[in-house]
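Colleague: Pasting in a structure now, in structure tokens, and then I'll have a few things to ask.
Protein chains: 2
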Amino acid sequence: MLHLVGLGLADETDITVRGLEIVKRAERVYLEAYTSILLVDKEKLEAFYGRPVIEADRELVETGSDDILAGGDKVDIVFLVVGDPFGATTHTDLVLRARELGIETTVVPNASIMSGIGCTGLQLYNFGQTVSMVFFTETWKPSSYYDRVRENIQIGLHTLVLLDIKVKEQSLENMARGRRIFEPPRYMTVAQCAAQMLETEEERQEGIYGPDSLAVGAARVGAANQKLVSGTLKELSTVEMGAPLHSLVLLGRRTHDLERDYIREYAVNKETFDASYVKGYGASL
Amino acid sequence: MLHLVGLGLADETDITVRGLEIVKRAERVYLEAYTSILLVDKEKLEAFYGRPVIEADRELVETGSDDILAGGDKVDIVFLVVGDPFGATTHTDLVLRARELGIETTVVPNASIMSGIGCTGLQLYNFGQTVSMVFFTETWKPSSYYDRVRENIQIGLHTLVLLDIKVKEQSLENMARGRRIFEPPRYMTVAQCAAQMLETEEERQEGIYGPDSLAVGAARVGAANQKLVSGTLKELSTVEMGAPLHSLVLLGRRTHDLERDYIREYAVNKETFDASYVKGYGASL
Numbered sequence: 001m002l003h004l005v006g007l008g009l010a011d012e013t014d015i016t017v018r019g020l021e022i023v024k025r026a027e028r029v030y031l032e033a034y035t036s037i038l039l040v041d042k043e044k045l046e047a048f049y050g051r052p053v054i055e056a057d058r059e060l061v062e063t064g065s066d067d068i069l070a071g072g073d074k075v076d077i078v079f080l081v082v083g084d085p086f087g088a089t090t091h092t093d094l095v096l097r098a099r100e101l102g103i104e105t106t107v108v109p110n111a112s113i114m115s116g117i118g119c120t121g122l123q124l125y126n127f128g129q130t131v132s133m134v135f136f137t138e139t140w141k142p143s144s145y146y147d148r149v150r151e152n153i154q155i156g157l158h159t160l161v162l163l164d165i166k167v168k169e170q171s172l173e174n175m176a177r178g179r180r181i182f183e184p185p186r187y188m189t190v191a192q193c194a195a196q197m198l199e200t201e202e203e204r205q206e207g208i209y210g211p212d213s214l215a216v217g218a219a220r221v222g223a224a225n226q227k228l229v230s231g232t233l234k235e236l237s238t239v240e241m242g243a244p245l246h247s248l249v250l251l252g253r254r255t256h257d258l259e260r261d262y263i264r265e266y267a268v269n270k271e272t273f274d275a276s277y278v279k280g281y282g283a284s285l
Numbered sequence: 001m002l003h004l005v006g007l008g009l010a011d012e013t014d015i016t017v018r019g020l021e022i023v024k025r026a027e028r029v030y031l032e033a034y035t036s037i038l039l040v041d042k043e044k045l046e047a048f049y050g051r052p053v054i055e056a057d058r059e060l061v062e063t064g065s066d067d068i069l070a071g072g073d074k075v076d077i078v079f080l081v082v083g084d085p086f087g088a089t090t091h092t093d094l095v096l097r098a099r100e101l102g103i104e105t106t107v108v109p110n111a112s113i114m115s116g117i118g119c120t121g122l123q124l125y126n127f128g129q130t131v132s133m134v135f136f137t138e139t140w141k142p143s144s145y146y147d148r149v150r151e152n153i154q155i156g157l158h159t160l161v162l163l164d165i166k167v168k169e170q171s172l173e174n175m176a177r178g179r180r181i182f183e184p185p186r187y188m189t190v191a192q193c194a195a196q197m198l199e200t201e202e203e204r205q206e207g208i209y210g211p212d213s214l215a216v217g218a219a220r221v222g223a224a225n226q227k228l229v230s231g232t233l234k235e236l237s238t239v240e241m242g243a244p245l246h247s248l249v250l251l252g253r254r255t256h257d258l259e260r261d262y263i264r265e266y267a268v269n270k271e272t273f274d275a276s277y278v279k280g281y282g283a284s285l
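As they're listed, the protein sequences go chains A and B. UniProt numbering applies: residue 1 is where the first sequence begins, and numbers increase by one. UniProt numbering applies: residue 1 is where the second sequence begins, and numbers increase by one.
Below, the structure is given as structure tokens:
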């Protein structure tokens, strides 16, 4: 049987009791380690579980799924996923492959950033569709996310922006030469995201948002050292939030007074916050 | 200190290891028991924790929050919430009250229906805002949810509909006479929700959706006996999904082929599913 077990958001103790029981009795345990990361390393998980954990990189999951699933008709195989198992499409693929092989699947849900972002004080009901932000390069600055943001903004809803992570990426040169040398991991920061959003607006000029638009930066959601900051996109484009993972929420105009009070508490600057707020936000708009 | 601890979606083993540790060492443990329910009863939780659990009904939380928080500056108080602690506004109020009293708060996140609904095979990225459906009465059929659904439908997004539960409700007569007699709990079914949606459309006549619109019914998400059914709203209006809790997802037209393949597997009737699908769905529309 294949068990997709969610790990939650922060550390090794965020696994559920049910998830931990399954991990302890399984034949093999894989850790999905490229669409998100836990805030502790693999060794800490292994010590906590009292057993080895196999790191599954993109290559293994996308081309070696049959190795992961080998023997799954007889033994229990665990695939650990940071957050909730259904957060990323990849795992749907693994489930479909298991189904083809006649292997049963169970899922152990856990906290996901999609609901964990409620820690900001923003109501989950007031969020539109979630978007992803990738690292821009000199020549590649994809802005399809901007169209999704516009749809949310026009309705007055908040937008959760999930930030890119680059793990086990090869440089073009190393890839061309077939060298299995990997670049250091990179995790997008709130500041980088805010700056890229302003870059897109600069280019598209549709006035969907601007330097004075309000947003919330969230770092290490669910961890003891979680950090929240609210402010204008311009302010957030230089904010320092510390270690990964980061997320950003662009505020919708249909913000409730209770939400405003909550996020104002952790504003970079309450004066600029208030000045921006009165210009474009509030449930009555 | 006040600890808001998420219980997840199904049974007593869905608590996280961190959450369980906090419950075991706390001075008092409350269970929020009116915005959602766990699929096991309080006694099972008490046996699992090896300690008493105090049921907190709406009255206690809304008017007796200072009793809940009493001594919170010195001892650990746990407030257990089904799903994730930030799923409902009520708990934000409790946090704000704790803040006023100078009591620190921690949150232990867990799975929420907002992310757990990914078990349907529908991508969380493709959901718009979430709406709530309350029990209609002869004279009260609130349809503000319909406006939210329209906004999602116009963009092509799925809509998660959370279904009403009535726990410890008094009849008007008993309330007027001051009798503390409560009606039996009621949990809205997928069938009731689908029927009410069609009733609203019938009344509003805006053609936002209709009897042939596709939807997914989900019962007991995250539990071993989870059940998923896809079909037209008309089909779902008579479907039998068993014990609570139920949720419904109204399909958006921007459905991806992979999503279609996944939900088609559990269609009430694959023929009517296909017939409805070709008329109005698909990412290319």
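Heads up, the beta-carbon is just placed ideally off N, CA and C, and yes, glycines get one too.
1) For residue 222(A), which residues in chain B fall below 9 Å Cβ to Cβ?
2) Could you check if residue 55(A) is buried or exposed, using at least 16 other CB atoms within 10 Å of its CB as the buried criterion?
3) Can you name the start and end residues of the beta strand (DSSP E) that residue 227(A) belongs to?
4) Taking 8 Å as the CB-CB limit, is residue 15(A) close to chain B?
5) Threshold first: 3 residues or longer. Then list the beta strand (DSSP E) segments lying entirely within the segment 31-67 of chain B, N to C.
6) Anything in chain C within Cβ reach of residue 281(A), meaning under 8 Å, just list it in chain order.
7) Pick from 14(A), 26(A), 53(A): whose alpha carbon is nearest that of residue 39(A)?
8) Give the straight-line distance between the Cα atoms of residue 168(A) and residue 58(A), rounded to the nearest whole angstrom.
9) Within the continuous alpha helix (DSSP H) that includes residue 213(A), where are the two ends?
10) Is residue 125(B) helix, strand or coil by DSSP?
11) Which residue comes first and which comes last in the alpha helix (DSSP H) that contains residue 272(A)?
12) In chain order, what residues of the segment 126-152 of chain B put their CB closer than 9 Å to some CB of chain A?
13) I believe residue 33(A) touches residue 220(A) by the beta-carbon criterion, under 8 Å. Please report the beta-carbon distance rounded to the nearest angstrom.
14) List, in order along the chain, the chain A residues whose C-beta lies closer than 9 Å to that of residue 262(B)?
15) What does the alpha-carbon distance come out to for the pair residue 102(B) and residue 172(B)?
16) Assuming residue 215(B) contacts residue 233(B) under a Cβ cut-off of 8 Å, what Cβ separation, rounded to an integer in Å, is found between them?
17) Return the residues of the segment 28-45 of chain A that lie within a Cβ-Cβ distance of less than 9 Å from chain B, sorted by chain order.
18) When you compare only the Cα positions, how much space is there between residue 175(B) and residue 60(B)?
19) Using 8 Å as the limit for Cβ to Cβ distance, is residue 177(A) near chain B?
20) Smallest Cα separation from residue 27(A): which of 122(A), 75(A), 200(A), 131(A)?
21) Rounded to whole angstroms, what's the CA-CA distance from residue 19(B) to residue 159(A)? Just pull it up for me.
22) Provide the residue span of the alpha helix (DSSP H) that contains residue 156(B), from first to last.
23) Determine, using beta carbons only, whether residue 86(B) and residue 245(A) come nearer to each other than 8 Å.
24) Between the beta-carbon of residue 162(B) and the beta-carbon of residue 132(B), is there less than 8 Å?
25) So the beta strand (DSSP E) residue 81(A) belongs to, where does it begin and stop?
26) My output table needs one value for residue 145(B): the three-state DSSP class, helix, strand or coil.
27) Would you call the segment 138-148 of chain B and the segment 133-147 of chain A in contact, with 3 or more CB pairs under 8 Å?
28) Given that a residue counts as buried once 16 or more other Cβ atoms are within 10 Å of its Cβ, and exposed if not, what is residue 205(A)?
29) Give the residues of chain A in contact with residue 72(B), contact being defined as C-beta atoms less than 8 Å apart.
30) Near residue 95(B), which residues of its chain fall below 6 Å by C-beta distance, leaving aside the five closest residues on each side in sequence?
31) Contact check, residue 97(B) vs residue 80(B) under 8 Å by CB: the rounded distance?
Modeller: If we stick to the structure as given:
1) Along the first sequence, read from residue 1 onward, the residue named residue 222(A) stands at position 222. For residue 222(A), the C-beta contacts it makes with chain B under 9 Å involve 107, 108, 109, in order along the chain.
2) Counting from 1 along the first sequence, the entry for residue 55(A) is found at position 55. When all chains shown are included, residue 55(A) counts as exposed.
3) Sequence index remark: in the first sequence, residue 227(A) carries index 227 (1-based). Unbroken beta strand (DSSP E) run through residue 227(A): 227-232.
4) Locating residue 15(A) in the first sequence gives position 15, where the first residue counts as 1. When Cβ-Cβ separations below 8 Å define contact, residue 15(A) makes contact with chain B.
5) For the segment 31-67 of chain B, the continuous beta strand (DSSP E) assignments of 3+ residues that do not extend past its boundaries occur at 54-56, in sequence order.
6) Of the protein chains in the structure, A and B, none is chain C.
7) What you label residue 39(A) is simply residue 39 of the first sequence in a count that begins at 1. Minimum Cα distance to residue 39(A) is reached at 14(A).
8) The sequence position of residue 168(A) within the first sequence is 168, counting from 1. The sequence position of residue 58(A) within the first sequence is 58, counting from 1. Near 9 Å, if we compare the C-alpha coordinates of residue 58(A) and residue 168(A).
9) As a first step, residue 213(A) is located in the first sequence; it is residue number 213 there, counting from the start. Note, residue 213(A): premise wrong, no alpha helix (DSSP H); not H, not E.
10) The residue you call residue 125(B) lines up with position 125 of the second sequence. Correct three-state label for residue 125(B): helix.
11) In the first sequence, counting from the first residue as 1, residue 272(A) sits at position 272. Element bounds for residue 272(A): 270-280.
12) Listed by position along the chain: 126, 127, 128, 129, 130, 131, 132, 148, 151, 152.
13) In the first sequence, residue 33(A) corresponds to position 33, counting from 1. In the first sequence, residue 220(A) corresponds to position 220, counting from 1. Contact between residue 33(A) and residue 220(A) does not hold, since their C-beta atoms are separated by about 18 Å, which reaches or exceeds 8 Å.
14) Locating residue 262(B) in the second sequence gives position 262, where the first residue counts as 1. Residues of chain A passing the Cβ test: 92, 95, 96.
15) Numbered from its first residue, the second sequence carries residue 102(B) at position 102. Numbered from its first residue, the second sequence carries residue 172(B) at position 172. Cα to Cα, residue 102(B) sits roughly 39 Å from residue 172(B).
16) Here residue 215(B) refers to the residue found at position 215 of the second sequence. Here residue 233(B) refers to the residue found at position 233 of the second sequence. Right, their Cβ atoms sit about 6 Å apart.
17) From the segment 28-45 of chain A, no residue has a Cβ closer than 9 Å to chain B.
18) The sequence position of residue 175(B) within the second sequence is 175, counting from 1. The sequence position of residue 60(B) within the second sequence is 60, counting from 1. Residue 175(B) and residue 60(B) have their alpha carbons spaced roughly 17 Å apart.
19) Along the first sequence, one-based indexing puts residue 177(A) at 177. So, not an interface residue.
20) Along the first sequence, one-based indexing puts residue 27(A) at 27. Residue 27(A) has its Cα closest to that of 75(A), out of 122(A), 75(A), 200(A), 131(A).
21) Here residue 19(B) corresponds to residue number 19 of the second sequence, with the count starting at 1. Here residue 159(A) corresponds to residue number 159 of the first sequence, with the count starting at 1. Cα-Cα distance, rounded: 29 Å.
22) Here residue 156(B) refers to the residue found at position 156 when the second sequence is read from its first residue. If you look at residue 156(B), you'll find it isn't in any alpha helix (DSSP H); DSSP assigns it neither H nor E.
23) Taking the first residue of the second sequence as 1, we reach residue 86(B) at position 86. Taking the first residue of the first sequence as 1, we reach residue 245(A) at position 245. For residue 86(B) and residue 245(A), no; Cβs fall outside 8 Å.
24) If you number the second sequence from 1, residue 162(B) lands on position 162. If you number the second sequence from 1, residue 132(B) lands on position 132. Their beta carbons are under 8 Å apart, which means residue 162(B) touches residue 132(B) by this criterion.
25) Locating residue 81(A) in the first sequence gives position 81, counting from the first residue. Membership of residue 81(A) in the beta strand (DSSP E) is indicated by the continuous run 77-81.
26) Counting from one through the second sequence, the residue named residue 145(B) turns up at place 145. Three-state result, residue 145(B): helix.
27) Cβ pair count under 8 Å is below three, so no.
28) Walking along the first sequence from the start, residue 205(A) turns up at place 205. Classification for residue 205(A): exposed.
29) Numbered from 1 along the second sequence, position 72 holds the residue referred to as residue 72(B). The contacting residues do not exist; residue 72(B) stays about 18 Å from chain A at best.
30) Along the second sequence, one-based indexing puts residue 95(B) at 95. Cβ neighbours of residue 95(B) within its own chain (closer than 6 Å, five residues either side excluded): 105.
31) Within the second sequence, residue 97(B) is the residue found at index 97, counting from 1. Within the second sequence, residue 80(B) is the residue found at index 80, counting from 1. The pair is not a contact, with the Cβ atoms about 17 Å apart (cut-off 8 Å).
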